[in-house]
Amino acid sequence: MRPPTTAERGLQAALIGSLSLVALACLVPFVLTFTASFTDENVLIANGISFVPELLSTNSYKLLFSDMGRVVSGYKITFAVTILGTALSLLVNALLAYPLAKRTLKYRNVLAFYCFFTMLFSGGIVPWYIITTQYLGLRNSLLALIIPYAANAWYMFLLRNYFKSLPEEIGESAQIDGAGELRIFFQIIMPLSVPALASVTLFISLQYWNDWWLGIMLNEEKSLMPLQLLLREIVSNAIFAQGENATKIIGSERLPTEGIKYAATIITIGPIIFLYPFLQKYFVKGLMVGAVKG
Amino acid sequence: MHVLKELVKNRTLYLMAFPGILLFFLFNYLPMAGVIVAFKRYSFSTGLFGSPWAKPLLGNFQFFFSSDAFWRVTRNTLFLNFSFIFFGTLIALALSILLNEVRFLKVKKTIQSSILLPYFISWIVVGVFAYALFNFDYGLINQGLQLLGIAAKDWYNSYEAWPFIMTFVSIWKTAGYTSIIFLAVLAGIDATYYEAAEIDGAGKWSKIRHITIPHLMPTATILTLLAIGRIMYADFGMFYAIIGENSILYPSADVIDTYVYRTLRKLGDVGMSSAVGLYQSVIGFCLVLVSNKIARKYQDEGSIF
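Same order as they appear, the protein sequences are chains A and B.
Sequential numbering of the first sequence, starting at 3, is according to the working numbering.
Sequential numbering of the second sequence, starting at 11, is according to the working numbering.
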């Protein structure tokens, strides 16, 4: 390649400059929330939210952790739902995708349409709510936060398309060697499909981690409140942890009723931010695979 | 007895499919049958199928269609979704084209990571972010306005601003994700196109115009069509987390999904909320069919399926 001319260099600089501004705009709320969570409550309200607070304070976190039990419980529920939900959903969708990818299965098209139709039409949330709570009895339980999302046509088709792209001879030769379908699936197909499984796992786990819809629809019990809903409660009523315990910890200072919102947010997104470099690498890979195929 | 024979022959495969089939039946097909509740006077004791029919049969619908809410939530849902789709696609296209021109791989990757980050967080968190920016007392936007000598505005008390804010938020959260899908398409373009164009003396702009953009159009069209197919469905999480139950903002930011939720959970009106839901489902279904059909025509290899 020939060396870049001055004009090209200028163009690159302008390009990178403007894109960096966009990137910055995407990051600003994260940084702002972080600094706000460490800002003294009086300063926050009097001087306004700021990237460089005049007076730092950890009171927001102290207030948040004064009700440690609920924070820990929120984490536990969210982790349990994410791990169990992802495992279940991956298994259900992969188990369904495999037969549908088989050309030898006579009713695969009927079944595929049966799945596809769930993407076209929905009965709406009211019948769904009545069926789930009244008829299936899924409410106020951990399962209620998991099962309704387990089967997902979108992820199922993603996996089916991947399975379809694997050469069929692999399964056939194993069959000749006497392996059953289950064995072929778990010992041959699944290991070969790690790239697709990895990206679907990511999509599913992100969905469970960030979900609060099942929580507000199907749960009334505080002990089952996932992290996202705990955050929502703190943000919307700000009466979290204002008992004696809180005053004991904070002392006579002003209670950080605003600051706690930002502290709770940081606690909620912490794990995602922490895992982000890893997550986005696989996520982008998955998207690339999907897009090139689609 | 063909069916039985096939089921027995491939029993392992059908058994593998069974859990998924069952879950779709329970959580998708039973609720489809449950739409009859929109024509009933529902009571929890008699249940979905045992409750008496509404009198008149379309009573639940009449009530909704004659209310102010009907026009408000329909207009808001369509208008806001249209705005999200239009501006979201445009910005994502621009981002992917620009990113594709960046020659420094590390810089490109860093920018890409930054603009994708918002996609990973929940709407509740986005709601807090919006609050940090727009709240009256200490929000960043009002501080900025005051710096410029403009009076602070009480955003959460003025509904006119929210179509813009929501569009901005939607772009902020999803444009990075969409642009990466576009970038994947661009990565698949045969480099010889560009080389040939260069030999012919094409400049940067004409390469973008005649090679990059035409390659993006099929994917952009498909994504847009699929989104239009879902234009009757608002993102409940987004609206409920950011607008919540702030009724001052309803004139511009109350959508079908939040309305159904409130009517069901806050008012406990099963009849009307299910009527609104069915109205949404039926129109939504027609739109999905039409948009899928067009999308399929556009791309033979089946629009995804």
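The beta-carbon is built from N, C-alpha and C at its ideal position, and this holds for glycine as well.
Since the model is a prediction, treat every value here as computed from it, not as a measurement.
Burial state of P31 (chain A), where buried means 16 or more other Cβ atoms lie within 10 Å: buried
8 Å Cβ cut-off: residues of chain A touching M42 (chain B): Those are F123, S124, G125, P129, listed as they occur along chain A.
Cβ-based burial, S20 (chain A) [other Cβ within 10 Å; buried from 16]: Burial is judged here by how many other beta carbons sit within 10 angstroms of a residue's own beta carbon; S20 (chain A) has fewer than 16 and is exposed.
Boundaries (first-last residue) of the alpha helix (DSSP H) holding I47 (chain A): 43-49
Beta bridge counterpart(s) of W63 (chain B) as assigned by DSSP: Residue pairing of W63 (chain B) in beta bridges, as defined by DSSP: B:K50.
8 Å Cβ cutoff, A27 (chain B) in contact with chain A: The beta carbon of A27 (chain B) falls within 8 Å of a beta carbon belonging to chain A, placing the residue at that interface.
Straight-line Cα distance separating M70 (chain A) from G44 (chain B): 42 Å
Anticipated Cβ contact below 8 Å, I241 (chain B) with L88 (chain B), distance rounded: 6 Å
For Y141 (chain B) and S262 (chain B), believed in contact at Cβ under 8 Å, the rounded distance: Actually they are not in contact, since the Cβ atoms of S262 (chain B) and Y141 (chain B) sit about 18 Å apart, beyond 8 Å.
Continuous alpha helix (DSSP H) assignments of at least 4 residues falling wholly in the region 249-278 of chain B: 260-263, 266-271
R113 (chain B): contacting residues in chain A (beta-carbon distance under 7 Å): Simply Q14.
Positions along the region 138-161 of chain B whose CB lies within less than 9 Å of some CB in chain A: V138, F139, A140, Y141, A142, L143, N145, D147, Y148, G149, L150, N152, Q153, Q156
Element boundaries [alpha helix (DSSP H), containing K19 (chain B)]: 12-19
Sheet register partners of L58 (chain A) (DSSP bridge): A:T41
Beta-carbon separation (whole angstroms), W130 (chain A) vs F37 (chain B), contact threshold 8 Å: Indeed, because the Cβ distance is near 7 Å, the residues count as touching under 8 Å.
Touching by the beta-carbon criterion (3+ pairs, under 8 Å), the region 122-140 of chain A and the region 292-302 of chain B: yes
N-terminal and C-terminal residue of the alpha helix (DSSP H) that E170 (chain B) is part of: Segment: none, E170 (chain B) is in no alpha helix (DSSP H) and carries neither H nor E.
Inter-residue Cα distance where the pair is G217 (chain A) and Q177 (chain A): 45 Å
Within-8 Å CB hit, V294 (chain A) to chain B: Reliability fails at V294 (chain A), whose pLDDT of 44 lies under 50, so the model's placement of it is uncertain and no value is given.
Neighbour flag for N38 (chain B) against chain A, beta carbons, 8 Å: yes
is_contact[A153 (chain A), chain B] using C-beta, thresh 8 Å: Closer than 8 Å to the CB of A153 (chain A) there is at least one CB belonging to chain B.
Residues that W182 (chain B) contacts on chain A, provided the C-beta gap is smaller than 7 Å: C28
Under 7 Å by beta carbon: chain A residues contacting N20 (chain B): L107
Check whether L232 (chain A) and G76 (chain A) have beta carbons under 8 Å apart: yes
Chain-ordered residues of the region 179-204 of chain A with a beta carbon less than 9 Å from chain B: So the list reads G182, E183, L184, F187, given in the order they occur along the chain.
Reduced DSSP secondary structure (H/G/I, E/B, other) of R240 (chain B): In the three-state reduction of the DSSP assignment, R240 (chain B) falls in the coil class, being assigned neither a helical nor a strand state.
Alpha helix (DSSP H) segment containing A142 (chain B), residue limits: 133-144
Collapsed DSSP secondary structure at S313 (chain B) in the structure displayed: The predicted model places S313 (chain B) with a pLDDT of 41, which falls under 50 and marks its position as unreliable; any figure quoted below should be read in that light. Note: S313 (chain B) maps to coil in three-state DSSP.
Residues that Y264 (chain A) contacts on chain B, provided the C-beta gap is smaller than 9 Å: V138, A142
Separation of F81 (chain A) from F54 (chain B), as counted between CA atoms: 34 Å
Cα-Cα separation, Q156 (chain B) to I51 (chain A): 13 Å
Cα-Cα separation between L14 (chain B) and R105 (chain A), rounded to whole angstroms: 19 Å
Contacts that Q290 (chain B) makes with chain A (C-beta to C-beta distance below 7 Å): Near Q290 (chain B) (Cβ distances below 7 Å), the residues of chain A are G126.
Min CB distance V83 (chain B) to chain A below 8 Å: no
Neighbouring residues, chain B, relative to K104 (chain A) (Cβ below 7 Å): L23
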